[in-house]
Each structure stands twice: as C-alpha cells, then as structure tokens.
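Asker: Numbering (my numbering), first residue to last: 86 to 425.
The C-beta atom is built at its ideal place from N, Cα and C for all residues, glycine as well.
First, the structure itself, so that you have it in front of you.
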Amino acid sequence: MIDLRSDTVTKPTKAMRQAAFEAKVGDDVYNEDPSILELEELAATMLGKEAAMFVPTGTQGNQIAVLTHCNPGEEIILEADSHIYFYEGATISAFAGVQPRPLAGKRGQLDPHLVEASIREDDIHQPETSLICLENTHNRAGGAVVPLENMKDVYHIAQKNGIPVHLDGARLFNASIASGINVKDFAKYTDTVQFCLSKGLGAPVGSIIAGPQSFIKKARKWRKRLGGGMRQAGMMAAPGIVALKTMVDRLTDDHSNAELLAKGLEEVGGLSIENTVETNIVLVNTEGIGMSADEFLDILKEMDILAVSFGPNTVRFVTHFDVSEDEIRQVLAKLKYRFS
Ligand SMILES: Cc1ncc(COP(=O)(O)O)c(C=O)c1O
86 MIDLRSDTVT KPTKAMRQAA FEAKVGDDVY NEDPSILELE ELAATMLGKE
136 AAMFVPTGTQ GNQIAVLTHC NPGEEIILEA DSHIYFYEGA TISAFAGVQP
186 RPLAGKRGQL DPHLVEASIR EDDIHQPETS LICLENTHNR AGGAVVPLEN
236 MKDVYHIAQK NGIPVHLDGA RLFNASIASG INVKDFAKYT DTVQFCLSKG
286 LGAPVGSIIA GPQSFIKKAR KWRKRLGGGM RQAGMMAAPG IVALKTMVDR
336 LTDDHSNAEL LAKGLEEVGG LSIENTVETN IVLVNTEGIG MSADEFLDIL
386 KEMDILAVSF GPNTVRFVTH FDVSEDEIRQ VLAKLKYRFS
C-alpha cells in the first residue's frame, strides 16, 4: 500500500526507536522525567517561549489551551474550517463551555477587519471574547501557509483588545520550511502555540504546547484533569527530541513530492487540483472524472493507494517521509494508465 492518507501514518525511524529504548525516564507527574524536561526545554527554546509542555496529542494540546485561556460562557473567534472547530468533536463547547464564533477565512487566513468587528462589546447581553485561534499551516485549506503579516495584523488587534491568541501549529514546521520564516518568528505573533511531533516530523506520539511560564503552570493542571499526566513517558518524548533535531529540514522533500504529485495529477484527464500546493497537502477534485470522492477512493484502493475524502468531490493526499519520490511516480503512472 502507498499510504497518502496523512502524515500521521509514518512509522518511527530507527534513531527514534533507539532513543526510546535508551531514554532516561522518571515520573513526569512529579516533573522528574529527564527526557520530557529536555524535550520541553528544546521546544520552548526553538519557539522563543518561556515554557513548554509535552502532551499526548495535538487535540489535547489545543483543548488544554482553550481550557486555560477561557472560562465557561465566553466566546472564541476561530476560522470556520479550522481543526479546532471542524475536527475536535465540539470539545471547546463540551469541556471548556465556550461558544465558537467561526469566521470564514481565505486560504486559512482570518480577515483582520472581520476579527476586529467580531470582538464582543462590553454589554450585559453578550459573551466576552476571550480567545482568538489561528491555524498554520491550515489543514482544510490544503496545507496553506498563513502569512506572517496576516498573523501580525490579527495579533495587534488582539493585543489592542486584551485578548490572547492561540496558534494551532500542528504543522508549523511545514509553514516554516515552505516560507523560510523561523518558527520563532511565527510564534512571536501568538501568545500560545501547539505543534505536533507526530505528523511530518515523524515521532510516534505527542505534541507540545508552549507559552508564558504562568500559562504552562495552569495548563499542567488541565492536562492532569484531562488524564494526560503520564508517568515514564520519556520513552515517548525521546523520539520527539530526535524529530526536532533531525527531521525538520527534510520536510522540504515532502513539499517537493506534493508538488510533483499535484503536477502529475493535473495531467490525469478530468482530475483538477483545488489548492495552491505550498506544503505537503494536495486536494484533488473528482467531478471531471464523473466520480464522487468515495468512488475515486475505491479505485485508488484497488491500485493499492490510500487517500482520504475531504468532501463530496474532494480527495486529500498528504506526502510524508514513508512515501518516496519513486512511489509518487508509481501512483501517477498507475492513475495515468487507468484514466487515459
Ligand atoms: C491542524 C491540526 N490541528 C490539530 C490536529 C490534531 O492532532 P492529533 O491528531 O495529534 O490530535 C491535527 C491533526 O490532524 C491537525 O491537522
């Protein structure tokens, strides 16, 4: 199978397995796991934030951020196609008790004027706006890089109004590699940030949330409340250290493979590409071949290729290090033969 469903399907490298095997461990609930402490310090330094915390998943990292920033009855502004709004099971409402204020964005970007106009007034009838969430790269916008300028504009509006900003940077390192902008520079325009070790960076488990020391102190309590206080989890953190030290620069290969895939798919009669491919995600429209996304996925499966549905006529392919350039060429050859 050539598995292009997500960059989460990668298997840990030999170096990661070795690091897990040899990891120094302790009880992380007592803050005594040396590998976790090392990972948290490394991540905070890379992001230019005071402190960081290891969490099991990106979803938990985002939810801890919302729970830490907000109180029940408040409102958060976020992009209408963002992961937090679209794919996290309404946890912001179920657990944090906040009301979402989704704003339609363009290629993952929030319109700063619309953000400003959506901030609630000091009025007894209205909820308080207590958080603005951004996403970079933006998954449903096809791995689009949200430009630094856009983040800066939104951040200045947030600051002017005393509202914190959280960045879902599950694929922030992809944004950095594609734009040539250091993650630290993106992180300057957000108070807190979550990024995933287990996507393109290839670690088997885990995410980081980072921000001010006082925020992380509060966030540690929320992680414990959610059952995310792990014990000798240094075995899971050690591959994360390998990921941060050795797997960032190679994201460029995933991006060039995505470009190769998109160009080739466009040559398959009837298929069209919906997104401007900037990172490792390609969105393909199947209307021109007279098939639904699910029908096209079935054909792919018969050819030992896996992708996922992203809408009635949209299929998402994600490149990653477990699929080589050669395998991308095989995918294209098979599809060209089938649809010629
Ligand atoms: C943008 C974004 N945020 C958050 C997540 C959640 O990460 P996890 O699967 O580790 O919960 C994902 C996962 O695909 C994502 O794409």
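Just verifying my parser: in three-state terms, what is the DSSP assignment at F395?
Answerer: Against the sequence shown, residue 395 aligns to sequence position 310. Correct three-state label for F395: strand.
Asker: Kindly list the residues whose CB is nearer than 6 angstroms to the CB of Q317, restricted to its own chain and excluding five residues on each side of it in sequence; keep chain order.
Answerer: Stepping through the sequence shown from its first residue, residue 317 is reached at position 232. If we look at Q317 and ignore the five residues flanking it on each side, its Cβ neighbours are V110.
Asker: Any idea which residues DSSP pairs M86 with across the strands?
Answerer: The count along the sequence shown starts at 1 and reaches residue 86 at position 1. None, per the DSSP bridge assignment.
Asker: Can you tell me where the beta strand (DSSP E) holding P119 begins and where it ends?
Answerer: Walking along the sequence shown from the start, residue 119 turns up at place 34. No beta strand (DSSP E) contains P119, which is instead part of the alpha helix (DSSP H) from 119-132.
Asker: State yes or no: is the C-beta of F402 within less than 8 angstroms of the C-beta of L346?
Answerer: Walking along the sequence shown from the start, residue 402 turns up at place 317. Walking along the sequence shown from the start, residue 346 turns up at place 261. Going by C-beta atoms, F402 is nearer than 8 angstroms to L346.
Asker: Is the closest heavy atom of ligand 1 to the C-beta of T93 under 7 angstroms?
Answerer: The residue given as residue 93 occupies position 8 in the sequence shown. Yes - ligand 1 has a heavy atom lying nearer than 7 angstroms to the Cβ of T93.
Asker: What does the alpha-carbon distance come out to for the pair I204 and S178?
Answerer: Position 119 of the sequence shown holds residue 204. Position 93 of the sequence shown holds residue 178. Their backbone Cα atoms lie some 18 angstroms apart in a straight line.
Asker: Output the boundary residues of the beta strand (DSSP E) element that contains D207.
Answerer: The sequence position of residue 207 within the sequence shown is 122, counting from 1. Note, D207: premise wrong, no beta strand (DSSP E); not H, not E.
Asker: Taking C-beta to C-beta, are H251 and T275 nearer than 8 angstroms?
Answerer: As a first step, residue 251 must be located in the sequence shown, where it is residue number 166. As a first step, residue 275 must be located in the sequence shown, where it is residue number 190. Taking 8 angstroms as the Cβ cut-off, H251 and T275 qualify as a contacting pair.
Asker: Below 8 angstroms between beta carbons: does that hold for M332 and L286?
Answerer: Counting from one through the sequence shown, the residue named residue 332 turns up at place 247. Counting from one through the sequence shown, the residue named residue 286 turns up at place 201. Closer than 8 angstroms, so yes.
Asker: Rounded to the nearest angstrom, what separates M388 and K419 at their Cα positions?
Answerer: As a working mapping, residue 388 is identified with position 303 in the sequence shown. As a working mapping, residue 419 is identified with position 334 in the sequence shown. Those two C-alpha atoms are separated by around 7 angstroms.
Asker: Tell me which residues share the same chain as Y240 and place their Cβ nearer than 6 angstroms to its Cβ, disregarding the 5 neighbours each side in the sequence.
Answerer: Here residue 240 is taken as the residue at index 155 of the sequence shown, counted from 1. Within the same chain, Y240 has close Cβ partners V250, Y274.
Asker: Taking a cut-off of 5 angstroms, which residues have a beta-carbon closer than that to any heavy atom of ligand 1, in chain order?
Answerer: Those satisfying the condition are, in chain order, T142, G143, T144, H168, N224, D253, A255.
Asker: Determine which residues share a DSSP beta bridge with K191 and list them.
Answerer: The residue you call residue 191 lines up with position 106 of the sequence shown. In the DSSP output, where bridge partners are listed per residue, K191 has Q194.
Asker: Taking the beta strand (DSSP E) that F242 falls in, what are its first and last residues?
Answerer: On the sequence shown, residue 242 is found 157 positions in, with the first residue counted as 1. Looking at the sequence provided, one finds Ile at residue 242 rather than Phe. Careful: I242 lies outside any beta strand (DSSP E), inside the alpha helix (DSSP H) at 233-245.
Asker: Okay, do the stretch 126-140 and the stretch 294-307 touch, 3+ Cβ pairs below 8 angstroms being the bar?
Answerer: Touching, yes, given that three or more Cβ pairs across the two stretches are closer than 8 angstroms.
Asker: Determine, using beta-carbon pairs with one atom in the stretch 402-416 and one in the stretch 346-356, whether at least three such pairs fall under 8 angstroms.
Answerer: Short answer: they touch.
Asker: Can you give, in chain order, each stretch of the beta strand (DSSP E) that sits fully within the stretch 261-316 and has at least 3 residues?
Answerer: For the stretch 261-316, whole beta strand (DSSP E) runs of length 3 or above, ordered along the chain, are 277-281, 292-296.
Asker: Spatial neighbours of A129 within its chain, please: CB distance less than 6 angstroms, with the 5 preceding and 5 following residues excluded, ordered by chain position.
Answerer: Taking the sequence shown and counting its residues from 1, the one referred to as residue 129 is at position 44. A136, A137, A295.
Asker: Suppose contacts are defined by Cβ-Cβ distances below 8 angstroms. Is P324 in contact with M131 by that definition?
Answerer: Taking the sequence shown and counting its residues from 1, one reaches residue 324 at position 239. Taking the sequence shown and counting its residues from 1, one reaches residue 131 at position 46. No, they are not a contact pair.
Asker: Please report the straight-line C-alpha distance between K269 and F424, rounded to a whole angstrom.
Answerer: For the purposes of this step, residue 269 is identified with residue 184 of the sequence shown, where counting begins at 1. For the purposes of this step, residue 424 is identified with residue 339 of the sequence shown, where counting begins at 1. Answer to the nearest angstrom: the Cα atoms are 45 angstroms apart.
Asker: With C-beta atoms as the reference, is N259 less than 8 angstroms away from G228?
Answerer: Working through the sequence shown from its first residue, we reach residue 259 at position 174. Working through the sequence shown from its first residue, we reach residue 228 at position 143. In contact: N259 and G228 (Cβ atoms closer than 8 angstroms).
Asker: When the Cα of C155 is compared with those of E213, R192, I374, which residue comes out closest?
Answerer: For this step, residue 155 is matched to residue 70 along the sequence shown. Per the Cα distances, E213.
Asker: Which of the three DSSP states is assigned to Q184 in this structure?
Answerer: For the purposes of this step, residue 184 is taken as residue 99 along the sequence shown, with counting starting at 1. Of the three classes helix, strand and coil, the one that applies to Q184 here is strand, per DSSP.
Asker: Please classify F171: does DSSP put it in a helix, a strand, or coil?
Answerer: Start at 1 with the first residue of the sequence shown, and residue 171 comes out as number 86. Helix.
Asker: Taking only three categories from DSSP, how would you classify A229?
Answerer: Here the question's residue 229 lines up with position 144 in the sequence shown. If DSSP states are grouped into helix, strand and coil, A229 belongs with the strands.
Asker: Straight-line CA distance for V362 to R186?
Answerer: Taking the sequence shown and counting its residues from 1, the one referred to as residue 362 is at position 277. Taking the sequence shown and counting its residues from 1, the one referred to as residue 186 is at position 101. In a straight line, the C-alpha of V362 is about 28 angstroms away from that of R186.
Asker: On the DSSP letters alone, give me the boundaries of the alpha helix (DSSP H) that L413 sits inside.
Answerer: In the sequence shown, residue 413 corresponds to position 328, counting from 1. Here the sequence assigns Ile to residue 413, which means Leu is not the residue at that position. 410-424 is the span of the alpha helix (DSSP H), which, as asked, contains I413.
Asker: Are there 16 or more other CB atoms within 10 angstroms of the CB of Y172, so buried, or fewer, so exposed?
Answerer: Translated into positions along the sequence shown, residue 172 becomes position 87. By the 10 Å Cβ count, Y172 comes out exposed.
Asker: If you measure between the beta carbons of A299 and V290, is that distance less than 8 angstroms?
Answerer: Numbered from 1 along the sequence shown, position 214 holds the residue referred to as residue 299. Numbered from 1 along the sequence shown, position 205 holds the residue referred to as residue 290. The sequence shown places Ser at residue 299, not Ala. No. Outside cutoff.
Asker: Considering Cα atoms alone, identify which of I326, T364, S377, N342 is closest to S120.
Answerer: Numbered from 1 along the sequence shown, position 35 holds the residue referred to as residue 120. It is I326 whose Cα lies nearest to the Cα of S120.
Asker: Taking just the CA atoms, how far does I374 sit from A226?
Answerer: The count along the sequence shown starts at 1 and reaches residue 226 at position 141. The count along the sequence shown starts at 1 and reaches residue 374 at position 289. Between A226 and I374, the C-alpha separation is close to 23 angstroms.
Asker: Given that a residue counts as buried once 16 or more other Cβ atoms are within 10 Å of its Cβ, and exposed if not, what is G116?
Answerer: By 1-based counting over the sequence shown, the position of residue 116 is 31. Gly is not the amino acid found at residue 116; the sequence shown has Asn there. By the neighbour-count rule (16 or more Cβ atoms within 10 Å), N116 is not buried but exposed.
Asker: Apart from the five residues on each side of it in sequence, which residues of its chain come closer than 7 angstroms, Cβ to Cβ, to S394?
Answerer: The count along the sequence shown starts at 1 and reaches residue 394 at position 309. If we look at S394 and ignore the five residues flanking it on each side, its Cβ neighbours are A378, D379, L382, V400.
Asker: Are the CB atoms of N365 and D92 within a distance shorter than 8 angstroms?
Answerer: By one-based count along the sequence shown, residue 92 stands at place 7. By one-based count along the sequence shown, residue 365 stands at place 280. Yes, these two residues count as a Cβ contact at 8 angstroms.
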